[in-house]
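Protein chains in written order, with my numbering: chain Y, 1 to 484; chain P, 485 to 1139. C-beta atoms are modelled at their ideal positions from N, C-alpha and C, and glycine is treated no differently. Note sheet for the following structure.
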């Protein structure tokens, strides 16, 4: 038996390696840091994120396979890398004071975020179903731990356990789907599957179709698509808020990266089959997310349903199955990263230990007491609702117009009507802040430099992308050009 | 320098931003300096651009500066760009120049007003919008300026919003203008549908080469454009807002409601002269509306006693003249009158403001008289402006008005007769105003009389500059002599009129030609002689008006009262402005008000709100039902996943 040693191309794994090394370093260093004062670990992580970002930029525009075709580092993967790094960076910035406040400042927290980010990067760069699966597990296991990081809190524990159980359940389906794919096509390589399908005379092989269905379930779980969304509100509510922010952006983006790559590239020949299912799932996901969000009184649960709804919008981009739709997905993820992280940042800043201020009524009259914070929240809510001149508007505009160009007019109409519904619960926060009398005493805000930086980055990102969208859309276009 | 044309509108907006944001922290002096300074810079750049433009040969004096692509949506591609050609150049110079003088005047006039900073913010914003309007290279950007000046006009008419009348007047101006704007919008859409572009040059090129004279769609476009013009330029039937607009501060009346904004309609018609030339029906409509407005509103001014109202109706009447010029195809004459009118009408308003300043806000001419000795500078400058507007040789108004009347005469005698009638009335009511205000016996209240004083020099210096312009401004457009009508020749590339028209002769045979024309009476064959004759008639008409006013208000001051007694009905009719406002109220305003009330109480509250609230409640109900699915039990969640898998795989396998 021949044993082929794969070519080791360390450079193409630059971002992943830098993050991994940074994470290990963080673990080591934090041992020597005094108890409860672990913020140097956070800054070390940020340094790692920065260098990972730089190395991603250096890899831009030069797609290459490495590690025996297990990895494909192309613009698509690198664009997603930047979203993951933004999500990780902002989450860490928001966590520093939050963890100290909650007396939960441990170095492992930051290391786990970095490891999760590495997993996400492998999902985006995986050109083999096995790589994608490994990335997904690396990410998920870190997130399970992070969700339960506040180990003295029952809700946090509940969150972690539910996520672990259901995550394991869905991973099993994903793995089973991969096995069936292998059975049907004889390979787990994405390119190999694509080539097999384009030559295959008969595409109605039950094993192939069942495998595809199971893959859909696996990814659908991670992006929180209906009917695999049930875990989302409970997990989002219980997890530490900065982790909720990280999950809602990073995990979703990673899952979409893999989802898009597998379905729009490998399974392109089966597009007529999966397209109808995705159409229905998209409609169900947005509608359920938006409708149920209306009756939520906990702001984290509301944003959890909102994130379900956003997954629905993004799926419209997949249904469109065009270059415009795919670049719209990338653009939307970038916009979503800024606006959603920003909203969670405001939530973190507004709450404190023992008084989390998570009930929507707690926001009454907040605009008079903290005009700056309320203004930030208003920008993020407007963006999530898709009102110009914010990033959320442009993102929706591109995705819906992609759907219309591909002939899915009804899907676009349903999408627009859904965003109309969503205006209600997003603006409800604004109404609370500016038009209601305060119901309680305000305890004062504890601004910290790191939180301020995070919020400023988020708001600038939200507005900049909203007002000058074309450079970012160009980047997104370049990221999908060689793709289909 | 042409490349820097964008600086012209940029400076005023910078001023507006500085005063708007930091105004409360700045002293009045700084605010004034900033506001005047930016307009001064703007004027300076305009002058430099003007000289750069003159360097070019006449046929290539048209320069487009594209700043960036503003909108690119499907077929619609619009740029933010500026067009520099003789027409926009004249407008730029007039607007920035007159604005500059009025800004300086305002520093004195508004000095004690609480809203000093707000005032200059609006005024700078206005100049910005107006310059955008005249520099734009496409219809959409022009519309942006068009709406911008409308907004500023609204804000400035209602500047003293604490009082009811200004607030109402502002609202009226806004609503009436909206009707006109709707016409403009429709025209713009029709232009885009027809030509596929909104760029001026492209539209005019396509229209010139691909459309026949009398084409239906061009007629529709031009008529709609003219609806827009009647709104902004206060022509029949949409003129009623302008007299009420006098509630604003007087410098505002001078700048916006006399010199610049209200001429936007004329500018727009001239800008689109290619289109209007292709639509003879529209031109006829323009001419008729113009001349009727000129006569109708001049007659209202005959009996008005409020000095600003006299000037307001006079403005409408003069705008009518400009449209008459456009309507008979004499576009450059229209613009010529626009420019000279900007000088003398601004001067008249500022003079009236100066009088008000001295009289503690009094506007009724019946309570004035013999102010000449108290305020000599105001008197002399006001007199020069009056001579100019009345069309007395050699003041500016003579040349521009005569050119219009001459062109009207060549087209149609009836138009000329009406125009000449309006000219007679103009001379009469303007001198009536002069005599009632500055001459005769003093009818001033004793209390006020103690404080009579000339205005400070910050206010009178702009008057002097404008007086000089009103006196000599006409010499750029001397008729008959070949090559002397510099103004006409400069504009010729835009208006498409011939360089040196057929009626022009050289100086040497002028005397001969005119003498033969007058003596032989063969006017038709000797247009030069005829033109000189017509000039003489114009002058005679103006002098007639002057004489009549002198007879009635100086020689025989009791005569007007007796006449009013004798023609009671007519006087009553004119005094009440022909009851046009009342008729509009009866025909349009009140029915609409009642209709909206019905719509509000029935349609809005029951139908619309009912539907909205109903669907809201429906969604809320659905939400509370769906919420219950979320039980919190992991096994239920897993079940949901299983059901999903089952459904999806079943679909894949069996569909």
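Taking a contact to mean a Cβ-Cβ separation below 8 Å, would you say residue i touches residue j in this structure?
i: residue 747 of chain P; j: residue 783 of chain P; result: no
i: residue 527 of chain P; j: residue 580 of chain P; result: yes
i: residue 807 of chain P; j: residue 765 of chain P; result: no
i: residue 466 of chain Y; j: residue 383 of chain Y; result: yes
i: residue 1067 of chain P; j: residue 955 of chain P; result: no
i: residue 71 of chain Y; j: residue 125 of chain Y; result: yes
i: residue 1110 of chain P; j: residue 291 of chain Y; result: yes
i: residue 255 of chain Y; j: residue 219 of chain Y; result: yes
i: residue 138 of chain Y; j: residue 149 of chain Y; result: no
i: residue 402 of chain Y; j: residue 281 of chain Y; result: no
i: residue 490 of chain P; j: residue 561 of chain P; result: no
i: residue 639 of chain P; j: residue 670 of chain P; result: no
i: residue 1022 of chain P; j: residue 885 of chain P; result: yes
i: residue 853 of chain P; j: residue 918 of chain P; result: no
i: residue 545 of chain P; j: residue 532 of chain P; result: no
i: residue 726 of chain P; j: residue 787 of chain P; result: no
i: residue 341 of chain Y; j: residue 239 of chain Y; result: no
i: residue 622 of chain P; j: residue 664 of chain P; result: no
i: residue 586 of chain P; j: residue 946 of chain P; result: yes
i: residue 1143 of chain P; j: residue 620 of chain P; result: Because chain P is modelled from 485 through 1139, residue 1143 of chain P falls outside the range shown and cannot be assessed.
Take residue i and list the residues in its own chain whose beta-carbon comes closer than 6 Å to its own, dropping the five residues that flank it on each side.
i: residue 609 of chain P; result: 500, 636
i: residue 937 of chain P; result: 842
i: residue 367 of chain Y; result: 374, 433, 434
i: residue 185 of chain Y; result: 193, 196
i: residue 922 of chain P; result: 855, 856, 863
i: residue 395 of chain Y; result: 331, 332, 335
i: residue 809 of chain P; result: 817, 818, 888
Rounded C-beta distance between residue i and residue j? I'm assuming under 8 Å.
i: residue 571 of chain P; j: residue 819 of chain P; result: 7 Å
i: residue 875 of chain P; j: residue 1026 of chain P; result: 4 Å
i: residue 601 of chain P; j: residue 508 of chain P; result: 7 Å
i: residue 9 of chain Y; j: residue 66 of chain Y; result: 4 Å
i: residue 827 of chain P; j: residue 953 of chain P; result: 4 Å
i: residue 319 of chain Y; j: residue 411 of chain Y; result: 6 Å
i: residue 462 of chain Y; j: residue 338 of chain Y; result: 5 Å
i: residue 650 of chain P; j: residue 732 of chain P; result: 7 Å
i: residue 190 of chain Y; j: residue 266 of chain Y; result: 4 Å
i: residue 720 of chain P; j: residue 777 of chain P; result: 5 Å
What residues in its chain sit with their C-beta under 7 Å from that of residue i, if we drop five residues either side in the sequence?
i: residue 502 of chain P; result: 518
i: residue 992 of chain P; result: Confidence at residue 992 of chain P is low in this model, with a pLDDT of 36, below 50, so its placement is unreliable and no value can be given for it.
i: residue 96 of chain Y; result: 39, 42, 448, 450
i: residue 257 of chain Y; result: 80, 123, 124
Residues of chain P with CB closer than 9 Å to the CB of residue i, please, in chain order.
i: residue 15 of chain Y; result: Per Cβ cutoff of 9 Å: no residues; residue 15 of chain Y is ~33 Å from chain P at best.
Check whether the Cβ of residue i sits closer than 7 Å to any heavy atom of the ligand MG, and report yes or no.
i: residue 736 of chain P; result: Because no ligand of any kind appears in the structure shown, any question about the ligand MG cannot be addressed here.
Can you list the residues of chain P that residue i reaches, using a CB-CB cut of under 8 Å?
i: residue 210 of chain Y; result: 1133, 1136, 1137
i: residue 288 of chain Y; result: 1110
Who are the near neighbours of residue i in its chain, counting only those whose CB is closer than 8 Å to its CB and skipping five residues on each side?
i: residue 297 of chain Y; result: 359, 360, 361
i: residue 484 of chain Y; result: Residue placement at residue 484 of chain Y is flagged as unreliable, the pLDDT there being 47, under the threshold of 50; a coordinate-derived value is accordingly withheld.
i: residue 445 of chain Y; result: 349, 350, 370, 373
i: residue 895 of chain P; result: 771, 812, 813
i: residue 414 of chain Y; result: 283, 286, 287
i: residue 1137 of chain P; result: none
Starting from the beta carbon of residue i, find every residue of chain Y whose beta carbon is closer than 7 Å, and list them in chain order.
i: residue 1118 of chain P; result: 162, 165, 166
i: residue 1121 of chain P; result: 166, 230, 231
Going along chain Y, which residues have a C-beta under 8 Å from residue i?
i: residue 1129 of chain P; result: 173, 213, 214, 217
i: residue 1124 of chain P; result: 227, 228, 230
In chain P, which residues lie less than 7 Å from residue i when you measure between Cβ atoms?
i: residue 291 of chain Y; result: 1103, 1106, 1107, 1110
i: residue 169 of chain Y; result: 1122, 1125
What does residue i reach in chain Y if we use C-beta pairs closer than 9 Å?
i: residue 751 of chain P; result: None at all; the shortest Cβ gap to chain Y is about 32 Å.
request  = Take every Cβ of the segment 342–356 of chain Y, pair it with every Cβ of the segment 269–286 of chain Y, and state whether three or more of those distances are shorter than 8 Å.
outcome  = no
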